[in-house]
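Protein chains in written order, with this note's numbering: chain P, 545 to 961; chain L, 657 to 1104.
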């Protein structure tokens, strides 16, 4: 073997050992809420919104790189760092928001499970409890290694959207135009969906998740550049999946003028245009994504809260060793499931309010992150470079503006109609 | 919960002597003319005593660009929980962008909200508040508060919560009790940025009282930076005890931060079978490097151990044992036993060898004590010496040990030369693993 090939393989092996956190985070990102947003965007505007994925990608990479770096350099979770540097009050505020938002998010995930199973003709009163029990067993009885492997497998299942999209026979010329030639329309609906796409890709709890999984992997500063590649690949996967969901919906629903409200509607509506197979593949993707996120979200939330407030946490602890942890985990699951199983639950309102809380939380988390990542007392020589700060702060400012508009615009339209 | 001292229900005099750090934080500081200088930001303490005493006060002013000033404790005129009054004039105080007390221990930066080790209950805990005591015009760190009550106090809603709880249950235990942990059991973990070790001298005495298994668990609860800093601050015995009680992943991430010399020192201080187990899992280059800098006799022993398959007698054995040539007198053998130090408590067996290190017999402490001190050690030997070979299986070893009720059994090579011994704890963990698998197979145990 030539020397160059040898070092290539050596590097590749290191990369395989390091990868995981970014790719899994990227996949959890395409949860039921994300798939709904992309489907609605594709159905309403066709290929025109594909360009939004470019800024979404940049923001995602910048934010997650910071998390990976903070995790590697400090060895501490984001929750730990916030508590240690900003005290109890700010931590409490962030976590009240995080818990409420994540109950809403988890409810949305179970709605995704219910919706996708309805496509296969299974009632939600059957699918949701079974899914919930499966998730609970996986978390409480399983171990992290198995879970991580299952999750990696899940990540590959998300590629099923590519099949759905190709079966829908899209117009590739228009795809190229929509992706590379951005169009901005300043009306409320268009702006709203642009914000929705960017907002759904950068959810606050993901930052906590990303940083913890880097620590869980025990990554060192030597492996930092491989970790950056992991982040980039994870973010690419997120965006690729989003790209094909939009295409699938644009090529079928938009072309035929069908309006949808939920991801499930998209799966059902695909059937007459792209065939039963494409519809089922779409529903399967939704199911996998939902159950994937429904596993991680309540667990992660319970973990961060306990981390920040100094309670014992972790799935390797017994119930009597970590009562707060298990209580929180189980309550988040239970509340989410009850919300879904109530007949005529206001699901759309729940989704909107969850998005609003997420949107208010995100700037707080981002600003805390930027303050800490620039503090040499915490980061040593690995503080942000000028370029990273420019991108980081402008991302934050843009996101704050966007999310403020996202929060305010539905309120304005509600009161001033 | 013996340790959590209940200091509720005290008379008012004593309560006035104690104050929580959260009640002082951000309180105004006035100069001698009553002019406001800023707020209390942090307190620097001298950690040398059992209960650290305040030495400097850090005050902060300005928003959003903070400025800091450091005040020596003797310059403080009067303290109460509303404000601090200084003896000196405003003009004498210099504010700067930063306060440079990086190497010192401060309450807000290094203790409040941080993780510390509770060496009494063997846990890693997070500090919600700090309980201070007024003594001779200064403050002393008396306890840390890790309770939910502390969290609620920090949130500033202690009164509301108390009122609410009173409405529900007037005699609720929450209202009366305060759960505090005495400072003498607390080991802070803040890292000195210059030496990269733990700021406060780690009292190895406290750590040595913690059972090794608990010590390993505490260690695993820490994040990697604290693990490294704490490890570097410990003495070699505690290091060794921690090292053998943590998993390989943590061991490896730890040695990545250490010099080869330090690693060799640790490996020389842990039982040779543990050292060999660890070296076996490292890349062969690193193993060779480490072996080359160790003391030659010990590294030879280790490289031999490394050569054996892990489920054979050779792989299980340790090279720490006591052997005497057969002519040694009982008296001199006993003397040497008393003088020698061991990394682990050895089983109470003593082996008897000839000039060529061939195993000729075995005896134990009891037999030696009872024997005539002037007689050669050979006289105290068991009637027959049992042993296993380097390639004997786990089962054979277990069978022999059970049959003759030995706590340890010698291992010899093909030429009957003594190589090492296998102790009962090494064989037990192997046998339990085998038994467990088998029981599961025949479904005696409920499936997990």
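Glycine included, each C-beta is placed from N, C-alpha and C at the ideal position. Source: prediction; values computed, not measured.
- Cβ neighbour criterion (16 or more within 10 Å) applied to residue 823 (chain L): Locating residue 823 (chain L) in the second chain gives position 167, where the first residue counts as 1. Residue 823 (chain L) should be labelled exposed.
- Query: From residue 761 (chain L) to residue 920 (chain P), what distance separates their C-alpha atoms?
  - Reply: Taking the first residue of the second chain as 1, we reach residue 761 (chain L) at position 105. Taking the first residue of the first chain as 1, we reach residue 920 (chain P) at position 376. Their Cα atoms are separated by approximately 18 Å.
- Message: Using only the alpha-carbon positions, how far apart do residue 814 (chain L) and residue 843 (chain L) sit?
- Response: Here residue 814 (chain L) corresponds to residue number 158 of the second chain, with the count starting at 1. Here residue 843 (chain L) corresponds to residue number 187 of the second chain, with the count starting at 1. Looking at the two C-alpha atoms, the distance is approximately 28 Å.
- Query: Using a beta-carbon distance below 8 Å, is residue 676 (chain L) in contact with chain P?
  - Reply: Stepping through the second chain from its first residue, residue 676 (chain L) is reached at position 20. No, no contact with chain P.
- Message: Closer than 9 Å between beta carbons: that is the criterion. Which residues of the region 853-874 of chain P meet it against chain L?
- Response: Taking 9 Å as the Cβ-Cβ cut-off against chain L, the residues of the region 853-874 of chain P that qualify are 853, 854, 855 and 856.
- Residue closest to residue 801 (chain L), alpha-carbon to alpha-carbon, out of L:897, L:1081 and L:786: As a working mapping, residue 801 (chain L) is identified with position 145 in the second chain. Ranking L:897, L:1081 and L:786 by Cα distance to residue 801 (chain L) puts L:786 first.
- Taking residue 717 (chain P) as part of the beta strand (DSSP E), name the residues at either end of that continuous run. Translated into positions along the first chain, residue 717 (chain P) becomes position 173. Element bounds for residue 717 (chain P): not the beta strand (DSSP E) but the alpha helix (DSSP H), 716-724.
- With DSSP collapsed to three states, give me the class of residue 915 (chain L). Walking along the second chain from the start, residue 915 (chain L) turns up at place 259. Residue state, collapsed to three classes: coil.
- DSSP three-state assignment for residue 838 (chain L), whether helix, strand or coil: Your numbering for residue 838 (chain L) matches position 182 in the second chain. DSSP places residue 838 (chain L) in strand when its eight states are reduced to three.
- Between which two residues does the alpha helix (DSSP H) containing residue 751 (chain P) stretch? Sequence index remark: in the first chain, residue 751 (chain P) carries index 207 (1-based). Run containing residue 751 (chain P): 748-760, per the alpha helix (DSSP H) assignment.
- Item | C-beta contact flag for residue 783 (chain P) and residue 600 (chain P) at 8 Å | On the first chain, position 239 is the one that residue 783 (chain P) refers to. On the first chain, position 56 is the one that residue 600 (chain P) refers to. For residue 783 (chain P) and residue 600 (chain P), yes; Cβs fall inside 8 Å.
- Query: What does residue 764 (chain P) reach in chain L if we use C-beta pairs closer than 8 Å?
  - Reply: The residue given as residue 764 (chain P) occupies position 220 in the first chain. Near residue 764 (chain P) (Cβ distances below 8 Å), the residues of chain L are 909 and 912.
- Message: Any beta carbon from chain L within less than 8 Å of residue 632 (chain P)'s own beta carbon?
- Response: For the purposes of this step, residue 632 (chain P) is taken as the residue at position 88 of the first chain. So yes, residue 632 (chain P) belongs to the interface.
- Which value, in whole angstroms, describes the spacing of the CA atoms of residue 620 (chain P) and residue 874 (chain L)? Here residue 620 (chain P) is taken as the residue at index 76 of the first chain, counted from 1. Here residue 874 (chain L) is taken as the residue at index 218 of the second chain, counted from 1. Whole-angstrom Cα-Cα distance: 16 Å.
- Cβ-Cβ distance between residue 940 (chain P) and residue 910 (chain P) below 8 Å: Residue 940 (chain P) sits at position 396 when you count from the first residue of the first chain. Residue 910 (chain P) sits at position 366 when you count from the first residue of the first chain. In contact: residue 940 (chain P) and residue 910 (chain P) (Cβ atoms closer than 8 Å).
- Helix, strand or coil: which one does DSSP assign to residue 684 (chain L)? In the second chain, residue 684 (chain L) corresponds to position 28, counting from 1. If DSSP states are grouped into helix, strand and coil, residue 684 (chain L) belongs with the strands.
- Message: Please report the distance separating the alpha-carbon of residue 1077 (chain L) from that of residue 996 (chain L).
- Response: Along the second chain, read from residue 1 onward, the residue named residue 1077 (chain L) stands at position 421. Along the second chain, read from residue 1 onward, the residue named residue 996 (chain L) stands at position 340. Roughly 17 Å between the two C-alpha positions.
- Tell me which same chain residues have a C-beta within less than 7 Å of the C-beta of residue 627 (chain P), skipping the five on either side of it? As a position in the first chain, residue 627 (chain P) is number 83, starting the count at 1. The answer, listed in chain order, is 635 and 852.
- Item | residue 636 (chain P) at chain L interface by Cβ criterion, 8 Å | As a position in the first chain, residue 636 (chain P) is number 92, starting the count at 1. With 8 Å as the cut-off, residue 636 (chain P) counts as an interface residue toward chain L.
- Query: How many Å lie between residue 717 (chain P) and residue 842 (chain P) at the Cα?
  - Reply: Taking the first residue of the first chain as position 1, residue 717 (chain P) is located at position 173. Taking the first residue of the first chain as position 1, residue 842 (chain P) is located at position 298. If I take the Cα positions, the gap works out to 42 Å.
- Message: Using the Cβ count rule (16 or more neighbours within 10 Å means buried), how would you classify residue 973 (chain L)?
- Response: For the purposes of this step, residue 973 (chain L) is taken as residue 317 along the second chain, with counting starting at 1. It is buried - the Cβ of residue 973 (chain L) has at least 16 other Cβ atoms within 10 Å.
- Message: With H, G and I counted as helix, E and B as strand and the rest as coil, what does DSSP make of residue 1074 (chain L)?
- Response: As a working note, residue 1074 (chain L) is residue 418 in the second chain. If DSSP states are grouped into helix, strand and coil, residue 1074 (chain L) belongs with the strands.
- Message: Using the three-state DSSP reduction, which class does residue 795 (chain L) fall into: helix, strand or coil?
- Response: The sequence position of residue 795 (chain L) within the second chain is 139, counting from 1. Three-state result, residue 795 (chain L): strand.
- Complete runs of the alpha helix (DSSP H) confined to the region 767-853 of chain P [at least 4 residues]: Note on the region 767-853 of chain P: whole alpha helix (DSSP H) runs with a minimum of 4 residues are 768-793 and 807-853, in chain order.
- Which chain P residues are close to residue 810 (chain L), counting only those with a beta carbon under 9 Å from its beta carbon? Against the second chain, residue 810 (chain L) aligns to sequence position 154. Those are 631, 632, 633 and 636, listed as they occur along chain P.
- Message: Contact defined as beta carbons within less than 8 Å: I believe residue 836 (chain L) pairs with residue 882 (chain L). What is the distance between those atoms, to the nearest angstrom?
- Response: Mapped onto the second chain, residue 836 (chain L) falls at position 180. Mapped onto the second chain, residue 882 (chain L) falls at position 226. Not confirmed; about 23 Å, so no contact.
- Task: At 8 Å on the CB atoms, spell out the chain P contacts of residue 770 (chain L), in chain order.
- Result: Within the second chain, residue 770 (chain L) is the residue found at index 114, counting from 1. Neighbours of residue 770 (chain L) on chain P, chain order: 628.
- Message: Need the endpoints of the alpha helix (DSSP H) that residue 646 (chain P) sits in, please.
- Response: Mapped onto the first chain, residue 646 (chain P) falls at position 102. Taken as a continuous stretch (DSSP letters only), the alpha helix (DSSP H) holding residue 646 (chain P) covers 622-663.
- Task: Take residue 726 (chain P) and list the residues in its own chain whose beta-carbon comes closer than 7 Å to its own, dropping the five residues that flank it on each side.
- Result: By 1-based counting over the first chain, the position of residue 726 (chain P) is 182. For residue 726 (chain P), where only same-chain residues beyond five positions count, the Cβ hits under 7 Å are 595.
- So, residue 838 (chain P) versus residue 847 (chain P), is the Cβ gap smaller than 8 Å? For this step, residue 838 (chain P) is matched to residue 294 along the first chain. For this step, residue 847 (chain P) is matched to residue 303 along the first chain. No, the Cβ-Cβ distance between residue 838 (chain P) and residue 847 (chain P) is not below 8 Å.
- Task: Tell me, please, whether the region 571-589 of chain P touches the region 791-809 of chain P by the rule of three or more beta-carbon pairs shorter than 8 Å.
- Result: yes
- Query: Quick one: is residue 1101 (chain L) near chain P, going by C-beta distance under 8 Å?
  - Reply: The residue given as residue 1101 (chain L) occupies position 445 in the second chain. Per-residue confidence for residue 1101 (chain L) stands at a pLDDT of 43, beneath the threshold of 50, marking its modelled position as unreliable; no derived number is given.
- Rounded to whole angstroms, what's the CA-CA distance from residue 692 (chain L) to residue 791 (chain L)? Just pull it up for me. Translated into positions along the second chain, residue 692 (chain L) becomes position 36. Translated into positions along the second chain, residue 791 (chain L) becomes position 135. For residue 692 (chain L) and residue 791 (chain L), the distance between alpha carbons rounds to 25 Å.
- Would you call the region 868-879 of chain P and the region 606-626 of chain P in contact, with 3 or more CB pairs under 8 Å? No, the region 868-879 of chain P does not touch the region 606-626 of chain P.
- Item | For residue 894 (chain P), the first and last residue of its enclosing alpha helix (DSSP H) | What you label residue 894 (chain P) is simply residue 350 of the first chain in a count that begins at 1. Taken as a continuous stretch (DSSP letters only), the alpha helix (DSSP H) holding residue 894 (chain P) covers 891-917.
- Item | Secondary structure of residue 882 (chain L), DSSP reduced to three states | For the purposes of this step, residue 882 (chain L) is identified with residue 226 of the second chain, where counting begins at 1. Helix.
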